[in-house]
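Asker: Encoded as structure tokens, here's the structure I'll be asking about.
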Amino acid sequence: MAQTINTEVTRTDAPRKVTGAAHYAADFTPAGMLHGALATSRIAVGTLIGIDTSKAEAEPGVVAVFTHETLPDYKTVKGFYAGGPGSASFWPMEGTEIRYAGQPVAYVVAETAAAARRGAQLIEPSYEEGEASIAMDPSDSFIIGAGEDSKGMTVTKGDVSAGLSEAAQSVDVEYVTPFQHHNPMEMFAATAEWRGDRLTVWMPSQSVRTLRHGISKAYGLPETSVRVVSPFVGGAFGSKAGITPYTMLTIAAAKAVGAPVRLIVTRPQMYTVATFRPESVQKFRIGADASGKLTAFEHIEIAQTSQFDEVVNPGTHMTRAMYASPNIHTEQRLSRSDTNTGGFMRAPNEMQTFFGLESAMDELALKLGMDPVELRRVNDTKTHPVAGVPFSSRSLMECYDAASDSFGWAGRNPEVGSMTDGDWLVGYGCATATYPTNVSPSAARVRMQGTGHAFIELAAHDVGTGSYTIFAQIAAARLGLPVSACDVVMGEAHLPLAPISGGSTTAASAGSAVHLACLNVAAQVAREVSQMSDSPFSGVDPDRITLEDGVLRGPDGQTQPLLDALASTPRGEATAEGEYRHPALTDQALKLTYQGGYGVAGPVTPEKAMFAFGAEFVEVRIHRWTHEIRVPRLHGAFAAGTWLNRKTAHSQLMGGMVWGIGSALHEVTEIDHARARFLNANIAEYLVPVNADVREVRVEMLEEQDDYVNPLGVKGIGELGIVGTAAAIGNAIHHATGKRLRKLPLRMSDLV
Ligand code: MOS
């Protein structure tokens, strides 16, 4: 049997995707379906004092218009950061209060999508407008759970002031990162169909179980009455994890009109009805002795949050894991402003915090007169600097060595502004990438048939990353079947437990469950054949029959392909479930996962710290006269345990690095401060890198064995690639120009 893991396997779902046979949530059309549209608030803060729906109701095709007064009641659920399944804790159309611009105020149902949207435009709300601000005020920030430190939001080891006074060189610097929005290709959509007390919801989701849990709570239904369907997701990046207002409103509207309703959220509305990456300020004070060894490390992150949730994606938990230092202080702070609640967006804290950390390390290296790679090497550690436990594996410097070789870092003249090519100033920069390894409890069911087919079922998701393919590969490797004979069924909440497809958890967690389910299939076949008179395993203790690469092996050297053994059994088919739990998983985290929450073991357990690592090197070219910034080369080397699929993993890492270029140079949600609104709320004016912005991107995938993280040795890679790219680009810009840009995006206007 050909090896199927750690090889390049083309996506099994590719033909379905390119032929249109892959059905995304909004492709399901229940009979008699009507269309919904949202009318949203133009003000950010205030009170709705009236809402005239008469023109909308008179619009041809409009069936019904709902406001806070007429929409059927449901029980609202808490937001994710308050421990609930919601994208935010504040639910629109519950009353007259307006708390953010773009908040839904009315829901129009019509016979066509066009009529619904026309109707929504004819809604006439009147407001009493209050004072609103999206300007973050870092001086007015607070620490979550201050005083009790229950969530590790502040950590102190040693004495940072003393460490700084001993330092030969130090930096005291501040970096700023902007609001960013995900803009997935597939728009937010929800279709709801009630049949009596049974409800089906089709919605693109990173967590069908989270949706089912929240919806059943909202309506007091048993979870078995709520079907949630999301077989394909056209990009999510954190935006499709929680249950959102537009979903709840669609379900309520469908109930009220007594017909299925589908809502496709408009591009501008996508900026306010779900989540985003909050803006942040990253403050660092880092000191080092003359050899470069850190004497003090302080990181204070201040992130924006809404007035009604406390969005904590704790970046300081990651930065303090990076470099050895005897004195460490970190603080996780929040500052409120008048927006909807933010959330996760690819590497939800690491993108921002590593822009800060890795720029600060570059500044420190310059002050020390040290090569930036050597500064990382001197401070590399095999032990978590705060928790004191060893890393389960940590190949950071191997990544630096591989990427610097391939990039040609040795050819860099360290002197700032020394490298030119005609009118172009050339700069080289580098930075560290990391991502925590989060492993969730997960389950899978595998049915193997003597015909040579297997069916793998689990409530996991393919958000475009290749999950369908890697689960088929794992099953193929264990069962001894071709990948094409392994059919994976996912994206429905009633399937066996799988985690939220977020935090780069799916491959490691759900993959381990598929692996264990296959072992259980083999154990079941072993039990059956051991009782058959005409089997090579006849009379053998089934516990002594093992599975290796699809072949059963007995204690006395008997071997038989699992498929042949299965085909010889009377039923010719075997079904088994596998349940995966990391030994460090707490009962609380297990319970949370069953409730659709984010229950994980790691990244720091009582025994080990689990992280994936990488190093990114970049060449920038800055035009001497126009200050145009170009990125002709980006090289990354990564180590993340076992590679399941070298093709899809490569795509994930490359995609992350390309997005890193966007984060560095293009992406920003601009703010209209006068009206406290997101200004460029559409995909045309929200800039992302295009082909002309991306030239050579080289990805190296290093081998790394890690037996602690999970049975497959897999660390997550969905988010690793974006981390550090912005800092590497900023560092290269400094090398080329001598200008240190500390605010994203890095713009040519900042170089003038
Ligand atoms: Mo991803 S930002 O963890 O959904």
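Here the sequence shown stands for residues 1122 to 1873, numbered as in the numbering used here.
Ideal Cβ placement from N, Cα and C applies to all residues, glycine included.
On a predicted model such as this, the values are computed, not experimentally measured, just so you know.
Does I1750 come out as helix, strand or coil in the three-state DSSP assignment?
Answerer: Strand, per DSSP.
Asker: Give me, in chain order, the residues of the same chain whose beta-carbon lies closer than 7 angstroms to that of A1508; leave out the 5 immediate sequence neighbours on both sides.
Answerer: Once the five neighbours on either side are set aside, the close Cβ partners of A1508 are V1725, A1730.
Asker: Leaving out the 5 sequence neighbours to the left and right, which residues in its chain are closer than 6 angstroms to S1210 when beta-carbon positions are compared?
Answerer: Hits under 6 angstroms: K1199, G1200, A1203, F1429, D1430.
Asker: Who are the near neighbours of Q1773 in its chain, counting only those whose CB is closer than 7 angstroms to its CB and skipping five residues on each side?
Answerer: The answer, listed in chain order, is T1586, I1838, G1839, G1842.
Asker: Express the C-alpha separation of R1238 and E1269 in angstroms, rounding to a whole number.
Answerer: Per-residue confidence for E1269 stands at a pLDDT of 48, beneath the threshold of 50, marking its modelled position as unreliable; no derived number is given.
Asker: Do H1450 and E1419 have their C-beta atoms closer together than 8 angstroms?
Answerer: Yes.
Asker: Taking 7 angstroms as the cut-off, does the CB of V1568 come closer than this to any heavy atom belonging to ligand 1?
Answerer: Val is not the amino acid found at residue 1568; the sequence shown has Arg there. Answer for R1568: no, Cβ out of range of ligand 1.
Asker: Report the CB separation of A1634 from L1579 in whole angstroms; it is logged as a contact under 8 angstroms.
Answerer: Going by Cβ atoms, the distance from A1634 to L1579 rounds to 6 angstroms, so yes, they are a contact pair.
Asker: So, do the stretch 1284-1301 and the stretch 1377-1388 have three or more beta carbon pairs nearer to each other than 8 angstroms?
Answerer: Because the criterion of three Cβ pairs below 8 angstroms is not met, the stretch 1284-1301 and the stretch 1377-1388 do not touch.
Asker: Within the chosen definition, does the stretch 1380-1389 reach the stretch 1364-1372 through at least 3 CB pairs nearer than 8 angstroms?
Answerer: Cβ pair count under 8 angstroms is three or more, so yes.
Asker: For S1271, which residues from the same chain have a beta carbon less than 6 angstroms from its beta carbon, with the 5 sequence-adjacent residues on both sides left out?
Answerer: For S1271, the predicted structure reports a pLDDT of 48, less than 50, and the residue's modelled location is therefore unreliable. A value from the coordinates is still provided. Nothing listed; no residue qualifies.
Asker: Do three or more CB pairs link the stretch 1747-1759 to the stretch 1809-1820 at distances below 8 angstroms?
Answerer: The stretch 1747-1759 vs the stretch 1809-1820: in contact.
Asker: I need the boundaries of the beta strand (DSSP E) containing A1847, first residue and last residue.
Answerer: Not the beta strand (DSSP E): A1847 falls in the alpha helix (DSSP H), residues 1846-1858.
Asker: Sorry if obvious, but does the Cβ on P1206 come closer than 7 angstroms to a heavy atom of ligand 1?
Answerer: Checking the Cβ of P1206 against ligand 1 gives no.
Asker: Can you tell me which of E1180, G1355, G1205, D1134 puts its alpha carbon nearest to the alpha carbon of I1584?
Answerer: According to the sequence provided, residue 1584 is Val. The question's Ile does not apply to it. Here the closest residue by C-alpha is G1355.
Asker: Just to check, is the beta-carbon of E1307 closer than 7 angstroms to a non-hydrogen atom of ligand 1?
Answerer: False, no ligand heavy atom lies under 7 angstroms from that Cβ.
Asker: Assign I1126 to one of three DSSP states: helix, strand, or coil.
Answerer: Reduced to three states, the DSSP call for I1126 is coil.
Asker: For T1321 and V1350, which I take to be in contact (beta-carbon distance under 8 angstroms), what is that distance rounded to the nearest angstrom?
Answerer: Sure, about 7 angstroms apart at Cβ, within 8 angstroms.
Asker: In chain order, what are the residues with a CB under 7 angstroms from some non-hydrogen atom of ligand 1?
Answerer: Counting every residue whose Cβ lies closer than 7 angstroms to a heavy atom of ligand 1, we get Q1327, A1357, F1358, G1359, A1362, F1465, M1466, R1467, A1468, P1469, S1622, G1623, G1624, S1625, G1839, E1840.
Asker: So what does C1551 bridge to, in DSSP terms?
Answerer: Answer by DSSP bridge pairing, in chain order: F1738.
Asker: May I ask you to report which of helix, strand or coil DSSP gives F1136?
Answerer: With the sequence shown as reference, residue 1136 is identified as Pro, and Phe is not the correct amino acid for it. In this structure, P1136 counts as helix in the three-state DSSP scheme.
Asker: Who are the near neighbours of V1130 in its chain, counting only those whose CB is closer than 7 angstroms to its CB and skipping five residues on each side?
Answerer: T1590, Q1594, V1604, N1766, K1768, listed in sequence order.
Asker: Where does S1480 sit, in a helix, a strand or coil, going by DSSP?
Answerer: S1480: helix per DSSP, three-state reduction.
Asker: Going by DSSP, name the residue or residues bridged to L1169.
Answerer: Paired residues: Y1248.
Asker: Tell me the start and end of each unbroken beta strand (DSSP E) in the stretch 1532-1604 that is at least 3 residues and wholly inside, in chain order.
Answerer: Counting only runs of 3 or more, we get 1545-1557, 1563-1570, 1574-1578.
Asker: Under the rule that 16 or more other beta-carbon atoms within 10 Å means buried, what is G1548, buried or exposed?
Answerer: G1548 comes out buried.
Asker: Along the beta strand (DSSP E) that carries T1277, what are the first and last residues, could you check?
Answerer: Unbroken beta strand (DSSP E) run through T1277: 1275-1278.
Asker: Roughly how many angstroms lie between the CA atoms of A1631 and Y1701, to the nearest whole one?
Answerer: C-alpha separation (whole angstroms): 8 angstroms.
Asker: Quick one: what does DSSP say W1323 is sitting in, helix, strand or coil?
Answerer: Strand at W1323.
Asker: For H1303, does the three-state DSSP call read helix, strand or coil?
Answerer: It is coil, neither helix nor strand.
Asker: Closest by CA to G1783, which one among I1792, Q1290, H1744, A1849?
Answerer: Among I1792, Q1290, H1744, A1849, the Cα nearest to that of G1783 is on A1849.
Asker: For Y1715, count neighbouring C-beta atoms within 10 Å of its own C-beta (all shown protein chains included) and say buried if the count is 16 or more, exposed if not.
Answerer: Exposed: under 16 other Cβ atoms inside 10 Å.
Asker: Is the stretch 1533-1542 in contact with the stretch 1856-1868, if contact means three or more CB pairs nearer than 8 angstroms?
Answerer: The stretch 1533-1542 vs the stretch 1856-1868: in contact.
Asker: In its own chain, which residues sit with a C-beta less than 6 angstroms from the C-beta of A1853, not counting the 5 before and 5 after it?
Answerer: Closer than 6 angstroms at Cβ, skipping near neighbours: G1548, Y1549, G1550, V1739, V1741.
Asker: Going by C-alpha to C-alpha distance, which of P1151, T1277, R1132, A1152 sits closest to A1143?
Answerer: Minimum Cα distance to A1143 is reached at R1132.
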